[in-house]
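In the working numbering, the protein residues as written are 45 to 226. Step one of this worksheet: look at the structure below.
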């Protein structure tokens, strides 16, 4: 049952992007800064699952316990959730601990998308952890797409990072800082 842990940090911004997170566990009590090298203002604080998210699919594969959401995957289904609010820009971070062992075919992701507002022509920013096999390291992949249509004319960029640490041993902070002016 692959699972992971995430603690979100969201500013209150004008609606545009929706946050979708799949195959993760939310935990609002993770310690440490929101991400390496960036410290948002005191106006940004973690939100609990019920304050910031709703089930998207697979509620039978979710368990909420003391502010921590656990999501699991089996041979039938997984689970996903999304933010209650949309955001034009902001800081979106998560403390994530990935599942060890065989996870080939499973992608744990934190991503921003405006697909609900612009279906077939949406923008997307992703942080994805590509599943792996025993003894092989996880690969972190980032994606930025604009005007995505699925017709092969997508404008974007993918980057893969071979991690120098084991993301299954502890919580690590990952974030997207979206500034519409840059």
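C-beta atoms are modelled at their ideal positions from N, C-alpha and C, and glycine is treated no differently.
- With the rule of 3 Cβ pairs closer than 8 Å, the segment 210 to 226 does not count as touching the segment 113 to 125.
- In the three-state DSSP reduction, residue 136 falls in the strand class (E or B).
- When C-alpha distances from residue 152 are compared across 103, 170, 162, 98, the shortest belongs to 170.
- If you compare the alpha carbons of 218, 107, 91, 164 with that of residue 173, the shortest gap goes to 218.
- Residue environment analysis places residue 141 among the buried positions, since at least 16 neighbouring C-beta atoms fall within 10 angstroms of its C-beta.
- The beta carbon of residue 144 sits closer than 6 Å to the beta carbons of 212 from its chain, once the five residues preceding and following it are set aside; these are given in chain order.
- Collapsing the DSSP output to three states places residue 164 in coil.
- The C-beta of residue 136 has 16 or more other C-beta atoms within 10 Å across all chains shown, which makes the residue buried.
- Within the DSSP secondary-structure output, residue 182 pairs in no beta bridge.
- Of the residues 134, 204, 154, 121, the one whose Cα lies closest to the Cα of residue 224 is 134.
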